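In this text, residue positions in the sequence shown follow the numbering used here: the first is 10, and each later residue adds one. The beta carbon of each residue, even a glycine, is placed where N, CA and C say it ideally should be. It should be emphasised that the depicted structure is a prediction, and the values quoted were computed from it without experimental measurement.
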Amino acid sequence: MIEKLVPQRMCVVCRKMFNKSDLVRVVKNSEGNVCVDLAGKASGRGAWVCKNDECLNKLKKNKSLNRAFSCQINEDVYNKVLEVAKNGNKQSS
10 MIEKLVPQRM CVVCRKMFNK SDLVRVVKNS EGNVCVDLAG KASGRGAWVC KNDECLNKLK
70 KNKSLNRAFS CQINEDVYNK VLEVAKNGNK QSS
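Written out as structure tokens, the structure reads:
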């Protein structure tokens with residue numbers, strides 16, 4: 010039996026590889042808007058963050074999303090990432 014390949018992505022904070030389903034995706038679309046992508050299907054440049062507490066604390070402190078997208082990211086985006094990571098995908102956007 011052939012096993013299905015699970016897509017892997019790298020966390021922008023700790024630089025470790027994880028399954029896509031274990032990460033939170035943040036996307037910058039063509040208009041320059043940055044938001045949390047709950048479905049994981051939005052078009053645009055994506056950055057992935059693991060749900061590890063240490064990484065979540067460093068995310069905001071080190072401004073990792075600013076570096077990933079090469080632009081200033083609003084504090085609301087960082088807060089939304091923390092909220093989604095701690096509560097799972099139960100949030101509605």
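For N42, there is no enclosing alpha helix (DSSP H), as DSSP marks it with neither H nor E. Cα atoms of V36 and V21: separation of roughly 13 Å, rounded to the nearest angstrom. N61 carries a coil assignment under DSSP once its states are collapsed to helix, strand and coil. Taking A77 as reference, the option from V93, N88, D62 and V43 with the minimal CA-CA separation is V43. For R76, the uninterrupted alpha helix (DSSP H) run begins and ends at S73 to F78, by DSSP.
Scanning N61, S79 and D62 for the CA closest to the CA of G55 turns up S79. Assigned with DSSP and collapsed to three states, L68 falls in helix.
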